Structure formats: C-alpha cells, structure tokens
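Structure, as structure tokens:
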Amino acid sequence: MYAVLPGLLDSNPFSESGQLRMPVGVSQILDVLKEALHLLNTFQVHSEITSQLLTYLFFFTNASLFNTLMERGSGGGFYQWSRGVQIRANLDLLMDWIQSIGMGDLAADFFQRLSSAVNLLATPKETLRQ
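With full-length UniProt numbering as the guide, the letters of the sequence shown map in order to residues 1 to 130.
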C-alpha cells in the first residue's frame, strides 16, 4: 500500500479535454483496497474485523498522504492551486469508491486532515484574500 500511495498526489485525473478520468495512481490504491476486501470476504472474516482492518487502512492512507504532502511542500510544486484541484479530484474518486462499499461516513472521519489540507490548496487565492 505504501508504495502506491504517492500516486494520489502525483497523478492528474483530468484528460486533455478536461474530463475526469480514473488515473493510474488512484487505480493502484483502489486495487489494493479491493484485493484486501476480496480476501476478507473470501475467507469469511467477521464483519467487525473487516471493518477494523479497512479503518486502519484508511487511517494509514490519510496519515501517509498528509505527511508526504507536508514533506514535499512548495519544493514539489504541491502548494499550487492547480495541484490542489488535481489532488482533490483524486481524493474524491477514492472517497466515491469507499462510499460505494458503505464505509463513506467512517472513512470521512479518517480522511478529515488530508481533506482539509487539500481543500485549502484547491481554494483560489482570490477567495483566500477575501
């Protein structure tokens, strides 16, 4: 999981025509989560344990991505509006899938810190100056 997480920060979810698409970086994260869920279901792991494991993966994902975002900072060009919009769209794609498996409310709590930072980055300067 750790190896694929930077893809959410690095990939562009917008095509040349401006349409939203699933970038490879987000797809790889979803593949890990889907495989974990598939294995848990295949081996009939109790639903409480399944929920606990996915909750840990959400916590780990949030903490890792938030720390990476802070470490890279302005040197990686991450503190720019355009990058904030890309990351916000990628995070929305991830959250949409999580919502589709019925864990959206739980995941929203764990992604709060990253989501807040990304929302700030995706806010136009003019709005921040007001």
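Glycine included, every Cβ here is placed at the ideal spot set by N, Cα and C.
Since the model is a prediction, treat every value here as computed from it, not as a measurement.
What would DSSP say about residue i, mapped onto helix, strand or coil?
i, result
"F14", "strand"
"L106", "helix"
"L20", "strand"
So, at 7 Å on beta carbons, what are the nonlocal neighbours of residue i in its own chain, with the 5 sequence-adjacent residues on each side left out?
i, result
"Q28", "V4 and G7"
"L65", "L5, L8, L9 and L114"
"G84", "V118, L121 and A122"
"L93", "P13, M22 and V26"
In whole angstroms, give me the CA-to-CA distance for residue i and residue j.
i, j, result
"V32", "G25", "11 Å"
"T55", "Q44", "18 Å"
"F60", "Q130", "35 Å"
"W81", "D96", "22 Å"
"F78", "R72", "7 Å"
"T68", "N62", "10 Å"
"T50", "L30", "16 Å"
"K125", "D105", "30 Å"
"residue 141", "M103", "Within the shown structure, residues of the chain are numbered from 1 to 130, placing residue 141 beyond reach of any answer."
"M1", "S116", "22 Å"
"G18", "M70", "27 Å"
"S11", "K34", "20 Å"
Within the present structure, is the beta-carbon of residue i separated from the nearest heavy atom of the ligand GTP by less than 7 Å?
i, result
"L93", "The ligand GTP is not part of the structure shown, which contains no ligands of any sort."
Within this structure, are the beta carbons of residue i and residue j separated by less than 8 Å?
i, j, result
"F58", "F111", "yes"
"D89", "L20", "Correcting the residue type first, residue 89 is Ala in the shown sequence and not Asp. Contact flag set, yes."
"I98", "L37", "no"
Closer than 8 Å by C-beta to residue i: which residues in its own chain qualify, once you throw out the five before and the five after it? Chain order, please.
i, result
"L91", "L8, F111, L114, S115 and V118"
**OP:** Could I get the ranges of all uninterrupted alpha helix (DSSP H) runs contained in the UniProt domain "Dilute" (1 to 130), with 4 residues as the minimum, in chain order?
**Re:** 6 to 10, 24 to 42, 47 to 72, 81 to 100, 104 to 110, 112 to 121 and 125 to 129, all fully within the UniProt domain "Dilute" (1 to 130).
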